[in-house]
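Heads up: the sequence shown runs through residues 37 to 307, numbered per my numbering. All remarks here apply to the structure that follows.
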Amino acid sequence: MGKPVGIQLWTVNDTLKHDPAGTLNQLAKIGFKEVEAAGFAGLEPKRFRHLLDAAGLRCPSAHLQFDMDNLGKAFDEAHALGATYAAASSLIEPVGKAMKTKLEWKSAMSREEAKRTVDIANRIGAAAKRAGLQFALHNHDREFVDLGNGEVGYDIVWRETDPALVQFEIDCGWMVFAGRDPVDYFKKYPGRIPLIHVKDFQPKKNKDAKPMAEEMLGSELGRGTVDYKPIFAAAKAAGLKHYFAEQEGPFSRMSQLAAAQVAYDYLHSIN
37 MGKPVGIQLW TVNDTLKHDP AGTLNQLAKI GFKEVEAAGF AGLEPKRFRH
87 LLDAAGLRCP SAHLQFDMDN LGKAFDEAHA LGATYAAASS LIEPVGKAMK
137 TKLEWKSAMS REEAKRTVDI ANRIGAAAKR AGLQFALHNH DREFVDLGNG
187 EVGYDIVWRE TDPALVQFEI DCGWMVFAGR DPVDYFKKYP GRIPLIHVKD
237 FQPKKNKDAK PMAEEMLGSE LGRGTVDYKP IFAAAKAAGL KHYFAEQEGP
287 FSRMSQLAAA QVAYDYLHSI N
(Lines of atoms letter the chains of each structure in order from A and count residues from 1; the text may use other names and numbers.)
(Lines give C-alpha, C1' and ligand atoms only; values in the text may rest on other atoms or scores of the structure.)
Protein backbone atom coordinates (compact mmCIF):
# COMPACT_ATOMS: atom_id res chain seq x y z
CA MET A 1 0.00 0.00 0.00
CA GLY A 2 3.02 2.25 -0.20
CA LYS A 3 3.08 2.65 3.58
CA PRO A 4 5.58 1.55 6.23
CA VAL A 5 4.90 -1.85 7.73
CA GLY A 6 3.87 -1.44 11.37
CA ILE A 7 3.36 -3.70 14.37
CA GLN A 8 1.21 -3.42 17.48
CA LEU A 9 3.62 -3.95 20.35
CA TRP A 10 1.13 -6.12 22.24
CA THR A 11 2.28 -8.82 19.79
CA VAL A 12 5.67 -8.91 21.54
CA ASN A 13 4.46 -7.79 24.97
CA ASP A 14 6.18 -10.52 26.99
CA THR A 15 9.48 -10.12 25.17
CA LEU A 16 9.25 -6.34 25.40
CA LYS A 17 8.85 -6.40 29.18
CA HIS A 18 11.91 -8.62 29.51
CA ASP A 19 14.18 -6.68 27.13
CA PRO A 20 12.68 -3.41 25.84
CA ALA A 21 15.69 -2.14 23.91
CA GLY A 22 16.61 -5.52 22.46
CA THR A 23 13.04 -6.24 21.36
CA LEU A 24 12.61 -2.88 19.62
CA ASN A 25 15.98 -3.26 17.89
CA GLN A 26 14.99 -6.72 16.71
CA LEU A 27 11.69 -5.43 15.29
CA ALA A 28 13.62 -2.78 13.37
CA LYS A 29 16.05 -5.44 12.15
CA ILE A 30 13.12 -7.52 10.89
CA GLY A 31 12.05 -4.53 8.82
CA PHE A 32 9.27 -2.80 10.75
CA LYS A 33 9.32 0.99 10.51
CA GLU A 34 6.36 1.87 12.74
CA VAL A 35 4.91 0.60 15.99
CA GLU A 36 1.74 1.18 17.94
CA ALA A 37 2.40 1.32 21.67
CA ALA A 38 0.39 -0.63 24.22
CA GLY A 39 2.06 0.38 27.46
CA PHE A 40 5.68 1.31 27.96
CA ALA A 41 7.32 -1.89 29.23
CA GLY A 42 7.47 -0.48 32.75
CA LEU A 43 9.34 2.64 31.61
CA GLU A 44 8.42 6.30 31.60
CA PRO A 45 7.03 7.38 28.22
CA LYS A 46 9.99 9.67 27.50
CA ARG A 47 12.45 6.85 28.22
CA PHE A 48 10.44 4.51 26.00
CA ARG A 49 10.50 7.13 23.24
CA HIS A 50 14.28 7.27 23.57
CA LEU A 51 14.46 3.51 22.91
CA LEU A 52 12.14 3.87 19.91
CA ASP A 53 14.32 6.62 18.47
CA ALA A 54 17.47 4.59 19.05
CA ALA A 55 15.93 1.67 17.15
CA GLY A 56 14.78 3.93 14.31
CA LEU A 57 11.09 3.24 14.93
CA ARG A 58 8.23 5.75 14.69
CA CYS A 59 5.15 5.57 16.90
CA PRO A 60 2.23 7.29 15.13
CA SER A 61 -0.40 5.75 17.40
CA ALA A 62 -0.60 4.59 21.02
CA HIS A 63 -3.18 2.62 22.95
CA LEU A 64 -3.70 4.57 26.16
CA GLN A 65 -5.69 4.42 29.38
CA PHE A 66 -8.24 7.22 29.62
CA ASP A 67 -9.14 8.60 33.03
CA MET A 68 -12.08 10.93 32.47
CA ASP A 69 -10.97 12.98 35.48
CA ASN A 70 -7.45 13.43 34.09
CA LEU A 71 -7.38 13.03 30.31
CA GLY A 72 -4.27 15.18 30.11
CA LYS A 73 -2.14 12.29 31.37
CA ALA A 74 -2.96 10.14 28.35
CA PHE A 75 -2.41 13.03 25.96
CA ASP A 76 0.95 13.85 27.55
CA GLU A 77 1.98 10.22 27.02
CA ALA A 78 0.94 10.37 23.36
CA HIS A 79 2.96 13.55 22.82
CA ALA A 80 5.97 12.04 24.58
CA LEU A 81 5.90 9.16 22.07
CA GLY A 82 5.49 11.48 19.11
CA ALA A 83 2.09 9.96 18.35
CA THR A 84 -0.65 11.60 16.30
CA TYR A 85 -3.39 9.17 17.35
CA ALA A 86 -4.50 8.62 20.93
CA ALA A 87 -6.30 5.29 20.69
CA ALA A 88 -8.45 3.29 23.08
CA SER A 89 -8.37 -0.49 22.82
CA SER A 90 -11.76 -0.31 24.54
CA LEU A 91 -13.74 2.16 26.64
CA ILE A 92 -15.23 -0.53 28.86
CA GLU A 93 -13.68 0.87 32.05
CA PRO A 94 -14.64 4.57 31.77
CA VAL A 95 -18.06 3.63 30.39
CA GLY A 96 -18.64 1.19 33.24
CA LYS A 97 -17.68 3.89 35.70
CA ALA A 98 -20.14 6.29 34.08
CA MET A 99 -22.85 3.63 34.27
CA LYS A 100 -21.88 2.91 37.91
CA THR A 101 -21.46 -0.77 37.15
CA LYS A 102 -18.66 -3.18 36.29
CA LEU A 103 -18.88 -4.17 32.67
CA GLU A 104 -17.60 -7.64 31.82
CA TRP A 105 -15.39 -8.49 28.86
CA LYS A 106 -17.34 -11.72 28.36
CA SER A 107 -20.66 -9.86 28.08
CA ALA A 108 -22.04 -8.28 24.92
CA MET A 109 -22.13 -4.52 24.48
CA SER A 110 -25.69 -3.53 25.40
CA ARG A 111 -27.64 -0.68 23.85
CA GLU A 112 -27.13 1.39 27.01
CA GLU A 113 -23.39 0.74 26.96
CA ALA A 114 -23.25 1.73 23.30
CA LYS A 115 -25.03 5.02 24.06
CA ARG A 116 -22.69 5.75 26.96
CA THR A 117 -19.72 4.84 24.76
CA VAL A 118 -20.86 7.48 22.28
CA ASP A 119 -20.84 10.13 25.01
CA ILE A 120 -17.47 9.11 26.44
CA ALA A 121 -15.86 8.82 22.98
CA ASN A 122 -17.10 12.26 21.96
CA ARG A 123 -15.77 13.78 25.17
CA ILE A 124 -12.36 12.17 24.76
CA GLY A 125 -12.32 13.12 21.09
CA ALA A 126 -13.02 16.78 21.87
CA ALA A 127 -10.30 16.88 24.52
CA ALA A 128 -7.84 15.12 22.19
CA LYS A 129 -8.53 17.67 19.47
CA ARG A 130 -7.78 20.51 21.88
CA ALA A 131 -4.52 18.73 22.70
CA GLY A 132 -3.58 18.49 19.03
CA LEU A 133 -4.33 14.77 18.75
CA GLN A 134 -6.88 12.52 17.06
CA PHE A 135 -8.85 10.02 19.13
CA ALA A 136 -9.47 6.57 17.63
CA LEU A 137 -11.51 3.66 19.01
CA HIS A 138 -10.58 0.00 18.51
CA ASN A 139 -12.95 -2.99 18.52
CA HIS A 140 -13.07 -6.57 19.75
CA ASP A 141 -16.00 -8.97 19.17
CA ARG A 142 -18.37 -8.06 22.02
CA GLU A 143 -19.56 -5.01 20.07
CA PHE A 144 -21.12 -7.21 17.36
CA VAL A 145 -23.71 -9.20 19.29
CA ASP A 146 -27.19 -8.69 17.84
CA LEU A 147 -29.31 -6.40 20.03
CA GLY A 148 -32.44 -7.07 18.00
CA ASN A 149 -33.49 -6.41 14.41
CA GLY A 150 -29.90 -6.91 13.29
CA GLU A 151 -28.56 -3.88 15.14
CA VAL A 152 -25.28 -4.15 17.04
CA GLY A 153 -23.67 -1.83 19.58
CA TYR A 154 -20.73 -1.08 17.30
CA ASP A 155 -23.00 0.43 14.66
CA ILE A 156 -24.68 2.68 17.22
CA VAL A 157 -21.25 4.00 18.19
CA TRP A 158 -20.33 4.65 14.56
CA ARG A 159 -23.62 6.35 13.79
CA GLU A 160 -23.82 8.63 16.80
CA THR A 161 -20.24 9.72 17.42
CA ASP A 162 -19.05 12.99 15.91
CA PRO A 163 -16.91 12.24 12.81
CA ALA A 164 -14.81 15.32 13.53
CA LEU A 165 -13.87 13.98 16.96
CA VAL A 166 -13.98 10.18 16.81
CA GLN A 167 -12.25 8.01 14.27
CA PHE A 168 -11.87 4.25 14.32
CA GLU A 169 -9.18 1.61 14.32
CA ILE A 170 -10.71 -1.52 12.88
CA ASP A 171 -9.26 -4.71 14.26
CA CYS A 172 -9.87 -6.74 11.14
CA GLY A 173 -9.24 -10.09 12.81
CA TRP A 174 -11.72 -9.51 15.62
CA MET A 175 -14.28 -8.13 13.16
CA VAL A 176 -14.04 -11.12 10.83
CA PHE A 177 -14.12 -13.47 13.82
CA ALA A 178 -17.39 -11.79 14.85
CA GLY A 179 -18.88 -12.47 11.44
CA ARG A 180 -18.56 -9.02 9.89
CA ASP A 181 -16.62 -7.83 6.85
CA PRO A 182 -14.22 -4.87 7.27
CA VAL A 183 -14.72 -4.04 3.59
CA ASP A 184 -18.31 -3.04 4.34
CA TYR A 185 -17.15 -0.47 6.89
CA PHE A 186 -14.46 0.96 4.63
CA LYS A 187 -17.09 1.51 1.95
CA LYS A 188 -19.65 2.99 4.35
CA TYR A 189 -17.28 5.20 6.34
CA PRO A 190 -14.47 6.45 4.08
CA GLY A 191 -12.18 8.86 5.88
CA ARG A 192 -13.07 7.61 9.38
CA ILE A 193 -10.70 4.63 9.52
CA PRO A 194 -7.11 5.90 9.59
CA LEU A 195 -5.79 2.81 11.42
CA ILE A 196 -6.26 -0.96 11.27
CA HIS A 197 -4.95 -4.03 13.06
CA VAL A 198 -3.95 -6.80 10.72
CA LYS A 199 -4.71 -9.96 12.68
CA ASP A 200 -5.38 -13.57 11.82
CA PHE A 201 -7.00 -16.39 13.77
CA GLN A 202 -7.25 -20.15 13.71
CA PRO A 203 -10.40 -21.73 12.24
CA LYS A 204 -13.49 -21.74 14.43
CA LYS A 205 -14.79 -25.04 15.69
CA ASN A 206 -18.19 -23.95 14.43
CA LYS A 207 -17.90 -21.67 11.41
CA ASP A 208 -21.44 -20.37 12.02
CA ALA A 209 -20.86 -19.55 15.69
CA LYS A 210 -22.29 -16.21 16.80
CA PRO A 211 -20.02 -13.49 18.27
CA MET A 212 -18.56 -14.45 21.65
CA ALA A 213 -19.70 -18.07 21.30
CA GLU A 214 -16.11 -19.26 20.89
CA GLU A 215 -12.70 -18.21 22.17
CA MET A 216 -10.54 -16.55 19.57
CA LEU A 217 -7.19 -18.30 19.06
CA GLY A 218 -4.56 -16.27 17.30
CA SER A 219 -2.67 -17.37 14.23
CA GLU A 220 0.44 -16.11 12.53
CA LEU A 221 -0.46 -13.76 9.68
CA GLY A 222 -1.12 -15.59 6.44
CA ARG A 223 -1.49 -18.92 8.24
CA GLY A 224 -5.02 -18.44 9.50
CA THR A 225 -8.38 -17.71 7.92
CA VAL A 226 -8.49 -14.02 6.95
CA ASP A 227 -7.96 -12.97 3.33
CA TYR A 228 -6.35 -9.53 3.50
CA LYS A 229 -6.10 -8.70 -0.19
CA PRO A 230 -9.66 -7.31 -0.50
CA ILE A 231 -9.38 -5.72 2.94
CA PHE A 232 -6.21 -3.85 1.99
CA ALA A 233 -7.70 -2.72 -1.32
CA ALA A 234 -10.78 -1.30 0.43
CA ALA A 235 -8.71 0.23 3.23
CA LYS A 236 -6.45 2.04 0.80
CA ALA A 237 -9.44 3.43 -1.11
CA ALA A 238 -10.99 4.62 2.18
CA GLY A 239 -7.93 6.65 3.18
CA LEU A 240 -6.00 4.36 5.53
CA LYS A 241 -2.99 6.06 7.16
CA HIS A 242 -1.28 3.30 9.17
CA TYR A 243 -1.60 -0.45 9.63
CA PHE A 244 -0.22 -2.61 12.40
CA ALA A 245 0.29 -6.35 12.48
CA GLU A 246 -0.98 -7.86 15.71
CA GLN A 247 -1.29 -11.40 17.00
CA GLU A 248 -3.40 -12.75 19.82
CA GLY A 249 -2.07 -15.58 21.93
CA PRO A 250 -1.49 -18.26 22.76
CA PHE A 251 1.93 -18.34 21.09
CA SER A 252 2.03 -22.13 21.06
CA ARG A 253 3.70 -22.64 17.68
CA MET A 254 6.59 -20.16 17.89
CA SER A 255 7.95 -17.28 19.94
CA GLN A 256 6.52 -13.77 19.79
CA LEU A 257 9.49 -12.42 17.83
CA ALA A 258 9.37 -15.35 15.43
CA ALA A 259 5.66 -14.61 14.88
CA ALA A 260 6.57 -10.96 14.24
CA GLN A 261 8.98 -12.12 11.53
CA VAL A 262 6.22 -14.19 9.91
CA ALA A 263 3.89 -11.18 10.06
CA TYR A 264 6.44 -8.92 8.39
CA ASP A 265 7.19 -11.45 5.67
CA TYR A 266 3.48 -11.84 4.94
CA LEU A 267 2.80 -8.10 4.83
CA HIS A 268 5.90 -7.44 2.76
CA SER A 269 4.87 -10.09 0.24
CA ILE A 270 1.23 -9.06 0.00
CA ASN A 271 2.23 -5.45 -0.64
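Glycine is no exception: its CB is placed at the ideal position from the N, C-alpha and C atoms. This one's a predicted model, so the numbers in the text were calculated from it and none came from an experiment.
* Which residue's Cα is closest to the Cα of G92: G58, K142, S291? -> Distance from the Cα of G92 is smallest, within the candidate group G58, K142, S291, for G58.
* To do: If I'm right that R147 touches F180 with Cβ under 8 Å, what's the distance once you round it to whole angstroms?
  => Rounded to whole angstroms, the Cβ separation of R147 and F180 is 14 Å, and the two are not in contact under 8 Å.
* By a C-beta neighbour count over all protein chains shown, 10 Å radius and 16 as the cutoff for buried, is M37 buried or exposed? -> The C-beta of M37 has fewer than 16 other C-beta atoms within 10 Å across all chains shown, which makes the residue exposed.
* Tell me which same chain residues have a C-beta within less than 7 Å of the C-beta of G209, skipping the five on either side of it? -> Taken in chain order, the residues that qualify are H233, K235, D236, F237, V262.
* What distance in whole Å lies between the Cβ atoms of E250 and T47, which are believed to be in contact at a cut-off of 8 Å? -> For T47 against E250, the beta-carbon gap comes to about 22 Å, at or over 8 Å, which does not count as contact.
* **The beta strand (DSSP E) enclosing S97, as first and last residue numbers** => Start and end: 94 to 99.
* Considering only residues of the same chain and omitting the five flanking positions on each side of M135, which have a CB-CB separation below 8 Å? -> Correct list, in chain order: E148, E149, R152.
* Looking only at DSSP bridge pairs, what is L173 linked to? -> Beta-bridge pairing links L173 to A124, F204.
* So, helix, strand or coil for D217, using DSSP? -> Looking at D217 - three-state DSSP - the assignment turns out to be coil, as it is neither helix nor strand.
* Asked: Three or more beta-carbon pairs under 8 Å between the region 267 to 286 and the region 242 to 249, yes or no?
  -> As far as the Cβ criterion goes, the region 267 to 286 does not touch the region 242 to 249, which means the pair count is below three.
* Nearest-angstrom Cβ-Cβ length linking M252 and E205, presumed shorter than 8 Å -> Going by Cβ atoms, the distance from M252 to E205 rounds to 17 Å, so no, they are not a contact pair.
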